[in-house]
Amino acid sequence: MFAKKRTVMTDKPLAEDTETSDDSFLNGQIQVRQPRSGYRIGTDAVMVAATIQMKAGRLLDMGAGVGGISLAIAHRLADAQITAAEIDPVNYALLSHNIGINQQHARIRPLRADILSLPPVMAGSFDHVVSNPPFHHASDAPSRSRRRTLAHYETDARLGEWVDAGLAALKPKGRLTMIVRADRTDIIMARLRAGGAGEIVLFPLWSYQTSPAIRMIITARKAVKGAMAVLPGLVLHTPTGALTHEAQQVMKGESVQLVHPATTHLS
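The sequence shown begins at 659 in the numbering used here and counts up one residue at a time.
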């Protein structure tokens with residue numbers, strides 16, 4: 659799934675005690691350096707990136723981590739101009755490094771920022787916002803790793819506030835796409851509706867065909883009225899534990915089409 663090349667210790671400007679690994683994903687098409695513990699690029703990032711469909715325009719990756727979503731989108735969509743916002747200093751340094759080694763300086767701009775206080779100039783300026791936010795309950799957060807907590811658990815920014823921030827950054831009729839734990843879908847739905855978003859599409863991900871959904875990809879448009887749609891979704895594993903054919907194709911770089919029944923395609 660993710661090819662590992664070697665383990666390194668990062669340079670001092672990054673952090674003396676940050677152990678990293680050099681890996682690749684999308685069938686070796688994208689190279690990344692990432693922490694060996696804490697946030698690491700996984701299936702969630704690849705899956706949500708695969709659903710982004712835009713011919714051109716500005717995209718904001720909120721909580722970009724080391725750049726997995728941004729790099730996957732830039733690799734597939736030649737005309738997208740991406741701003742990758744990340745608050746953690748170590749992840750931000752690795753994000754900048756990964757943009758460089760993949761030669762995406764012209765396409766991806768790294769931004770050290772808190773999603774709760776994005777620069778005012780960014781308000782209402784993006785065509786698409788994407789995020790793989792920390793979606794575990796804050797009460798479940800372990801205390802041993804601040805970086806892991808920032809990546810996976812709610813801290814100052816609650817899950818609903820990520821929705822608010824995404825909608826605020828969008829142009830009218832722009833699109834917000836997020837991947838969350840399936841049992842927290844109701845929080846996202848309520849906040850989207852409160853924020854005036856419509857044409858909501860739900861795309862569930864199942865570990866196995868007979869198991870409950872573990873993740874939900876949710877996409878909606880700002881200031882647009884329209885009914886919700888639930889799509890068939892995708893099963894990740896066969897009964898033996900191997901990736902299904904469909905999941906393998908996505909992990910190699912294929913796109914996932916989220917088509918609302920009332921539209922011809924999502925942009």
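From the three backbone atoms N, C-alpha and C, an ideal C-beta is built for every residue, glycine too.
Query: Three-state secondary structure assigned by DSSP to E714; Result: It should be pointed out that residue 714 corresponds to Ala in this sequence rather than to Glu. In the structure shown, A714 sits in coil (DSSP, three-state: anything other than H, G, I, E or B).
Query: C-alpha distance - A736 paired with E819, whole-angstrom precision; Result: 30 Å
Query: The stretch 908-921 in contact with the stretch 876-892 per 3-pair CB rule at 8 Å; Result: yes
Query: Contact check, G782 vs K831, beta carbons under 9 Å; Result: no
Query: Separation of T676 from N760, as counted between CA atoms; Result: 22 Å
Query: Neighbour-count burial assignment, Q711, 16 or more Cβ in a 10 Å radius; Result: buried
Query: Residue interval of the beta strand (DSSP E) (run including H786); Result: F784 to S789
Query: Sheet register partners of G856 (DSSP bridge); Result: R879
Query: Whole alpha helix (DSSP H) elements within the stretch 740-772, 4-residue minimum; Result: 747-759
Query: For I837, the residue or residues it bridges with in DSSP; Result: I875
Query: Neighbourhood of W864 by C-beta distance below 7 Å, restricted to the same chain and skipping five residues each side; Result: A871, I872, G891, V893 and L894
Query: Boundaries of the beta strand (DSSP E) in which V690 is found, first to last residue; Result: I688 to P693
Query: Residue from N685, E857, F683 and L729 with nearest C-alpha to A885; Result: E857
Query: Distance, I876 Cα to T701 Cα; Result: 16 Å
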